[in-house]
Structure formats: C-alpha cells, structure tokens
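Following: one structure in structure tokens, then a few remarks.
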Amino acid sequence: MTLRFVFPRLMLILGLWSLLVPALAQDNTLYTVHVGPEMQLRALGGPRTATHPMTAPNVTFANQNWQARTSSATGSTVQFQSDHAFHNLPNAIYKRDVRLQLTQISGTASSGWQFDTVVDTTNYAAGDETATVQVSCRRPGNAIIKMNVIFITGNLATMMGGQYQMTVVGTISEN
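Below, the structure written as structure tokens:
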C-alpha cells in the first residue's frame with residue numbers, strides 16, 4: 002500500500018473515531034471577592050444639653066447611644082474618650098470633672114461583645130483631663146452601646162455660671 006492510499010484511510014478512521022469517543026476538555030475560573038475589615042462607629046442623636054438645678058446633684062446625660070459595626074475576623078475595640086473635663090465657655094479656667102459610664106451593650110451574640118473599661122472619671126485638679134471607657138468584640142458583628150455622661154458638680158460655691166462643654170470622641174479599631 003502506498004502512502005497515497007494509507008493517509009486518506011487514516012484520516013477517515015480518525016474522523017469516525019472522534020464521532021464515537023466524546024471529547025474530554027475541561028477548564029475553570031476561580032472567582033474571589035475580598036471583603037476588607039470595614040468598621041463604623043456612629044453617635045446616634047445630636048448634641049445634648051441640660052440645665053444645672055444649682056443643687057448638689059450631678060447632671061447625668063443618660064443613655065447616649067452609639068452604633069458600632071465591624072467586619073474584622075478578629076473583632077474590634079471601641080474606645081470613648083472625653084477631649085477634656087467640662088470647661089466653662091466664657092472662662093476656661095473654671096472646670097468640672099466628667100464621668101463616662103458604659104451601661105449596656107446590645108449586639109450580635111456570636112461577636113462576643115464585652116466591657117473592657119466600664120467607668121472612668123477625669124480629675125482636672127490633679128491634671129487628668131481625659132476619661133476613657135472601652136468595649137470590644139472577638140468576631141464580626143454589630144452593637145448598640147449605651148453610655149452615661151455625667152457632669153460632676155463638685156463644690157457649688159466655686160462653680161461659675163455659664164455654659165460648660167466637653168466632647169466625647171469615639172474610635173473603633175481592628176483587633
């Protein structure tokens with residue numbers, strides 16, 4: 002047999018073979034979505050004001066709500082800090098201490114939200130003008146954190162009239 006007759010027959014056999022045997026080809030594509038550790042912290046509600054009764058009791062701003070959210074696999078830490086003690090606006094040398102007190106955390110149970118530092122008070126007379134409280138979680142989740150902010154009256158005889166102000170700054174960070 003010559004090559005002229007063998008080649009066409011071989012092509013015919015291979016062509017028929019491809020019809021009888023299913024083709025085996027496979028491929029794939031992997032799709033990945035990266036979700037970075039997103040963290041959010043929001044004070045719910047605007048500025049709070051109160052009028053001092055001019056008696057010995059302290060003035061409490063109750064249940065200031067903060068909303069925290071973290072997608073970090075290791076959780077997050079939320080810290081609240083006063084920028085300073087309460088200062089009298091017309092005359093900043095007149096001050097009053099502030100107490101920050103965390104009262105409740107309502108959050109995603111699987112996140113493991115917990116109190117780290119529940120209460121702290123400034124002591125401006127000793128040079129301590131910041132109060133810091135803290136909560137944290139071990140896994141991703143949401144929480145509503147309730148905090149009381151307390152104006153410590155102290156000695157009424159030395160309390161100058163006017164407005165006293167202070168700001169609480171909240172910070173959320175990845176663990």
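To convert, count from 1 in the sequence shown and add 1; that's this note's numbering.
Beta carbons are placed, not taken as given, at the ideal position from N, Cα and C, and that holds for glycine.
Please read these numbers as outputs of a predicted model, since none were measured by experiment.
Collapsed DSSP secondary structure at residue i in the structure displayed
i           : result
residue 111 : helix
residue 165 : strand
residue 144 : strand
residue 69  : strand
Residue range of the beta strand (DSSP E) that includes residue i
i           : result
residue 157 : That residue, residue 157, is in no beta strand (DSSP E); it is neither H nor E in DSSP.
residue 88  : 87 to 89
residue 121 : 120 to 122
Anticipated Cβ contact below 8 Å, residue i with residue j, distance rounded
i           : j           : result
residue 172 : residue 80  : 5 Å
residue 42  : residue 86  : Not confirmed; about 23 Å, so no contact.
residue 140 : residue 107 : Not confirmed; about 16 Å, so no contact.
residue 118 : residue 98  : Between residue 98 and residue 118 the Cβ distance is about 17 Å, and since that is not below 8 Å, they are no contact.
residue 120 : residue 136 : Their Cβ separation, rounded to whole angstroms, is 12 Å, which puts residue 120 and residue 136 out of contact at 8 Å.
Own chain residues within Cβ distance below 7 Å of residue i, not counting five before or after
i           : result
residue 91  : 163
residue 105 : 147
residue 63  : 149
residue 161 : 89, 92, 95
9 Å Cβ cutoff met for residue i and residue j
i           : j           : result
residue 132 : residue 83  : yes
residue 40  : residue 130 : no
residue 142 : residue 71  : yes
residue 44  : residue 66  : yes
Own chain partners of residue i with C-beta closer than 6 Å, once the 5 adjacent residues on each side are dropped
i          : result
residue 1  : Look at the range of the chain in this structure, 2 to 176, and you will see that residue 1 is not part of it.
residue 74 : none
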